[in-house]
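Single-structure report; data block below.
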Amino acid sequence: MADPAGAPCVEVVDLHKRFGALEVLRGVSFAVDRGSVVSIIGASGSGKSTLLRCINYLEQPTSGEVRIDGEPIGIERRADGSERRRSMREIGRFRRDLGMVFQQFNLWPHLTVLGNVVEAPIRVRGLPRRQAMELARACLERVQLSEKSSEYPARLSGGQQQRVAIARALAMQPKVMLFDEATSSLDPELTGEVLEVMRGLAVDGTTMIVVTHEMGFAREVSDRVIFLHGGLIEEEGPPAQVFGTPRSERCRQFLAKLLH
Amino acid sequence: MSENLRQMLDLGLFWEYRSILLAGLAFNFYVFAASASAAIVLGFLAALARVNPLRPLRWLGAVHVETFRNAPDYVMLVWVHFVMPLLIGQAIGMRVTFAPFVSAVIALGLVYSGYLAETFRTGMQAVPRGQIEAARACGMGGVLVMRRIILPQAVRMMLPEAMNNFVSLFKATTIVSLITVPDLMYRVQMVTQQEMRPLPLYTGAALTYFVLIWAVAALARAGSERWRRKIWA
Amino acid sequence: MGNWERLVWNQRNVLLDGFLVTLEICAIAFAVAVAAGLGLALLRLYVRPLRWPAIMWIEYCRATPIYVQLMWVNYVWPEILGWPTTFYTAGWVALALQSSGYLAETFRTGIENIGRGQREAAYAVGMSPLLTFRRIILPQVLVTIAPSIVTQFTVIVKSSTLVSVITVQDLMFQSQRLVNVWFEPIEILTATAAIYILFIFAVSAAGKALADRLRLRYGLGT
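Chains as they are written, first to last, in the numbering used here: chain L, 1 to 260; chain S, 1 to 233; chain C, 1 to 222.
Here it is, written out as structure tokens:
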């Protein structure tokens, strides 16, 4: 049994992902400490989103593993040293600890805002209805959407929908929040409100892994930045270093292109 | 000819036999209710098979759907009534017969399970992939995703088409008279043989079915449309 | 297998005759239904005084079960109109009647979905309304609704099994006659069902292929 106190919150070890002949991730390893924010940047096609989707097993990694508090998600190691692949049901239990926010929001249109947020706490975590409602209201409060709780998602703006999606993920009280380009499908004038909410979470000490195109946000909020290229980590370090004095030529080019 | 026209519009004879005929119409509803229930259950299972990751199950679902969706109602009715009992009898080594009502329910249930399966499948597949991923990311398992995320939306999306299927099924119940289920058409034929006046009777039957089906179809359309719109506004 | 040979294969000429009658009556009904459907749609859309009668007639054809309509045409029409005089005619008239209602609605939505701009562009180059309809609107409508028209043909084939009830000698009639001769329904009825299912499946598949090809060629959604 791993010691949760000593292990990092999330640990990615030599992760590979292959789609047919295409190898999207070619051995990625990194760790995220409790309470820290890690941003993952890189050109489209560099494997950022795949990496995030592998972390909560929406994509099954081809090899390598992901550990939450030292416990591998996909495999169980028994005391006698033998290994066993976990079932979907078991993986589902780990997913509760990983809150995911999607680029396309993916709110459930047949449920109200409040319904979207209480659904998983009631059905998955089995909280009593009353307690789940309280929790959901608190989460909506955090994204400043309390007054919209009885609306249906279709009546909200994109920014509001994404904030609901964040509240939905928070309501599972996850150990880590994963953001998959959370602002990329929003109109520019709506990204601000979502980034503001994310900034608030970071300040409160939420552990976060953020795939993003918002370099300003990554620079300001992250404790560490990872630059992914061709399925490998090309550059990694504190934001001041990655944005200020990148050692990798490719990282420098990528950043230079963004600035123009 | 004007005498004939007067006779056609004079539905007095139809009215005279109303209690017998109404009892026949009730049989249309019994057959409808029983075969619709069967078709819903079977159709749902077939649709689940068609979207299943297991290839043999998908294939089985496809064979079910293509067989029954392409079978004429009347051919299935005759086949189920005259062939199915013999096959079962051969298999268990006993003489088996089906009551006409049972044959009618099996035949229509099978045929319309094919149509409904396609309707269900289209509805389920219309739920965007991302929503299912979001549910999985919240730790929901397959059954929960189906019950709480896919089905509530699929039902709303497929409702208008399912209503069409049910209207067709109700229309198809008129052929059960051909294997002597005593429905409205069966009784119209009996009364016709007695009175020798087909005109008012068949016209009355046609009008009755028309008004009934037209009204129900219009109501169902309006109802399902409103329900849909309420949610997605 | 002996039964199959004796009851089905050796009777293939009878079954084939029946199948040809099925094809024939369906073809006639289909042709009449397409023409009548187009006519009804045009009346509904463009002939003001006949709009409501057309709607009523379309709704009547759509909402009445085919078997009821067949009986109605077969027993009631001859007494009032003196026509149809044969069972065969009554058969295709009833089949055409029902499908014309459905096709009228298909044509109507097809016509209504053609953008106003198409018409205006035709008028702008000096085309008359009639020419515009014939050369610009109708071809586009036919392309978009072709798959639905094929589907309607399969509906006619399914419904056509009922004309055996009024003694039209189609496949269903012949197969039931064979059953009454031999009293051995298993093979004959199973073969008959298989013929119908395969035939209708083939027509549907052809319709689907047609839809895909049209979509590819014209970039139209169906």
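Glycine included, each C-beta is placed from N, C-alpha and C at the ideal position.
In this text the structure is predicted, and so the values were computed from the model without any measurement.
Taking a Cβ-Cβ threshold of 9 angstroms, the residues of chain S close to residue 102 of chain L are 130, 133, 134, 137, in chain order.
Bridge pairing for residue 75 of chain L: L:85 [DSSP].
The beta carbons of residue 109 of chain L and residue 72 of chain L sit about 35 angstroms from each other, so the pair does not count as a contact at 8 angstroms.
Below the 9 angstroms Cβ cutoff, chain S contributes 66, 67, 69, 70 as neighbours of residue 201 of chain C, in chain order. Taking a beta-carbon distance threshold of 8 angstroms, residue 218 of chain L does not count as an interface residue toward chain S. Cβ contact annotation for residue 97 of chain L (same chain, cutoff 6 angstroms, sequence separation greater than five): 68, 174, 175, in chain order. Beta-bridge analysis with DSSP links residue 133 of chain C to no other residue. Around the beta carbon of residue 165 of chain S, a 10 Å sphere encloses 16 or more other beta carbons of the protein chains shown; the residue is thus reported as buried. Cβ contact annotation for residue 39 of chain S (same chain, cutoff 6 angstroms, sequence separation greater than five): 109, 112, 113, 116, in chain order. Sequence-distant partners of residue 252 of chain L (beyond 5 residues in either direction) whose C-beta falls short of 6 angstroms from its own C-beta, in its chain, are 246. Between the alpha carbons of residue 12 of chain C and residue 188 of chain S lies a gap of roughly 37 angstroms. When Cβ-Cβ separations below 8 angstroms define contact, residue 124 of chain L makes contact with chain S. Beta-bridge analysis with DSSP links residue 63 of chain L to L:16. According to the DSSP assignment, residue 146 of chain S belongs to no alpha helix (DSSP H), since it is labelled neither H nor E. Under the Cβ criterion (8 angstroms, minimum of three pairs), the stretch 68-80 of chain S counts as touching the stretch 155-165 of chain C. Following the DSSP letters along the chain, one finds residue 127 of chain C in no beta strand (DSSP E), marked with neither H nor E. By the neighbour-count definition (other C-beta atoms within 10 Å, threshold 16), residue 160 of chain L is a buried residue. Look at residue 57 of chain S: its C-beta is not under 8 angstroms from any C-beta on chain L. Only those residues of the stretch 142-162 of chain S whose C-beta falls short of 8 angstroms from the nearest C-beta of chain L are listed: 142, 144, 148, 149, 152, 153, 156. Distances from the CA of residue 136 of chain C to each of C:120, C:147, C:150 were compared; the closest alpha carbon is that of C:120. Pairing residue 64 of chain L with residue 112 of chain C, the inter-Cα distance amounts to about 58 angstroms. By the Cβ test, the stretch 198-211 of chain C is not in contact with the stretch 83-99 of chain S, since fewer than three Cβ pairs between them sit closer than 8 angstroms. Residue pairing of residue 208 of chain L in beta bridges, as defined by DSSP: L:37, L:177.
Rounded to whole angstroms, residue 144 of chain S and residue 135 of chain S show a C-alpha spacing of 9 angstroms. Contact between the stretch 13-27 of chain L and the stretch 188-208 of chain L is absent: fewer than three C-beta pairs spanning the two stretches fall below 8 angstroms. In the displayed model, residue 29 of chain L falls within a strand according to three-state DSSP. Fewer than three pairs of CB atoms, one per stretch, sit closer than 8 angstroms, so the stretch 206-217 of chain S makes no contact with the stretch 97-104 of chain C. Setting aside the 5 residues that flank it on each side, residue 180 of chain S is surrounded in the same chain by 100, each with a C-beta closer than 6 angstroms to its C-beta; the list follows chain order. Taking the C-beta atoms as reference points, residue 162 of chain S is found no nearer than 8 angstroms to residue 97 of chain S. In this structure, residue 76 of chain L lies away from residue 89 of chain L, with their beta-carbon atoms at least 8 angstroms apart.
Residue-level contact by beta carbon holds for residue 67 of chain C and chain S, with a gap shorter than 8 angstroms.
Three or more pairs of CB atoms, one per stretch, sit closer than 8 angstroms, so the stretch 33-53 of chain L contacts the stretch 225-244 of chain L. Under a 10 Å Cβ-count criterion, residue 153 of chain C is classified as buried, with 16 or more other Cβ atoms of the shown protein chains found around its own Cβ. With respect to residue 114 of chain L, residue 157 of chain L sits apart: the two C-beta atoms are not nearer than 8 angstroms. The beta carbon of residue 107 of chain C sits closer than 6 angstroms to those of 37, 38, 41, all from its chain and outside the five residues before and after it, given in chain order. With respect to the 8 angstroms criterion, residue 211 of chain L and residue 181 of chain L are classified as neighbours on the basis of their beta carbons.
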